[in-house]
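See structure below.
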């Protein structure tokens, strides 16, 4: 039924009373409506999260899987090498000085960098005094020789007269002794002459063997003697060597006969050498030993200079991985392997040679696994991933590579 109320001034008090009692009802209804809306929103959110989404479960899981790069490393034949540095030196350095009495140098016939043969004169020393002594002694030899001839002639004449009784046997003995003494004096004089000649010959400074002149420390006009020290130094046959310093551990990884590629500092020349001697001792301070690498003559090899060398220390066949794929923590070194279910698992490994091309893995994997290349630090065992294959660092058919590693 519809009721129509007429309001006039006389009923104003009644109107105010009705308005005051009826205003509380709409406010209460608003609260109920708001509560219902909130409840519906909560239920709807719960339903969106737990119900009605079964059809898209696979897509949601795939969206949560981390995308990672993987590689199957295979096997690589690696000729491992140790990178070292060292000092170039003559393999057999020969110091040359004054062998005789010495004197004033009149000529220097060679300079550093010249090749010489054994016995070649390097420097000439003034021998004027010795020449006069030789001349004097030669005269003494002539006098002694004349006396010996005279004594022999006297003895011969006496022997012819002894049969006739003109010369006694005592005279014969005396003449024989005189002859023998004269002959002895000849030998003494000749020996003296030979000594002077030998001394004169020792005045010159000569090369003890064929080789390359490395240094020269004498000039014309200089007075030298046996105490003058080294005047020349030679590299016998021009042979050089690299005296490479290796750690105590690396010394045990190479052997006499191991080959090395040597590059002198400041050049791009690569020279092939061979280890011919390993130091029998280790320096107590640096804990290093010296490997001597024999090298043939080359103009790029300058004694005293530095050179880099890659010493070949053996051959191994192993997977090769980039540094980013190999992780480590307090438990050791490991990689992440992606299984058939696209879940990653930690695999402990043992690494070998380290080079610019990667790190060899000698234990823990066979090379047929899918290895996570990057982002491994953000993964845990059991995590689901989306693997993206990358090109392998090594292949089974690849020939041997020389992979230099830093000396430890």
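Residue numbers (this note's numbering): 1 to 408. Think of the CB as a built atom: it goes at the ideal place given N, C-alpha and C, for glycine as much as any other residue. Bear in mind the structure is a predicted one, so any value in this text is a computation, not a measurement.
DSSP places residue 130 in the helix class (H, G or I) of the three-state scheme. Judged by DSSP in its simplified three-state form, residue 390 adopts coil rather than helix or strand. The DSSP assignment places complete alpha helix (DSSP H) segments of no fewer than 4 residues inside the segment 52 to 117 at 57 to 64, in order along the chain. Residue state for residue 166 is assigned as coil, using DSSP reduced to three classes.
Per DSSP, reduced to three states, the secondary structure at residue 268 is coil, with no helix or strand assignment.
DSSP lists no beta-bridge partner residue for residue 254. Between the alpha carbons of residue 84 and residue 309 lies a distance of about 5 Å. In the displayed model, residue 323 falls within a helix according to three-state DSSP.
Exposed is the label assigned to residue 256, since fewer than 16 other Cβ atoms lie within 10 Å of its Cβ.
Apart from the 5 residues on each side of it in sequence, residue 133 sits with its Cβ closer than 6 Å to the Cβ of 196 in its chain, given in chain order.
For a cut-off of 8 Å, the C-beta gap from residue 214 to residue 234 is around 6 Å, short enough to register as a contact.
Relative to residue 296, the option among 261, 248, 238 whose CA is nearest is 238.
Annotation note: the segment 183 to 263 contains the following uninterrupted beta strand (DSSP E) runs of length 3 or greater, listed N- to C-terminal: 211 to 216, 232 to 236, 240 to 247. Closest in alpha carbon position to residue 115, among 390, 241, 216, is 216.
If you draw a straight line from the Cα of residue 210 to the Cα of residue 141, it comes to about 37 Å. Closest option to residue 150, judged by alpha-carbon separation, among 130, 139, 168, 175: 175. The three-state secondary structure of residue 310, taken from DSSP, is strand. Put simply, the backbone Cα of residue 189 is about 16 Å away from that of residue 130. As computed with DSSP, residue 336 is found in a beta bridge with 346. When beta bridges are read from the DSSP output, residue 281 appears opposite no residue.
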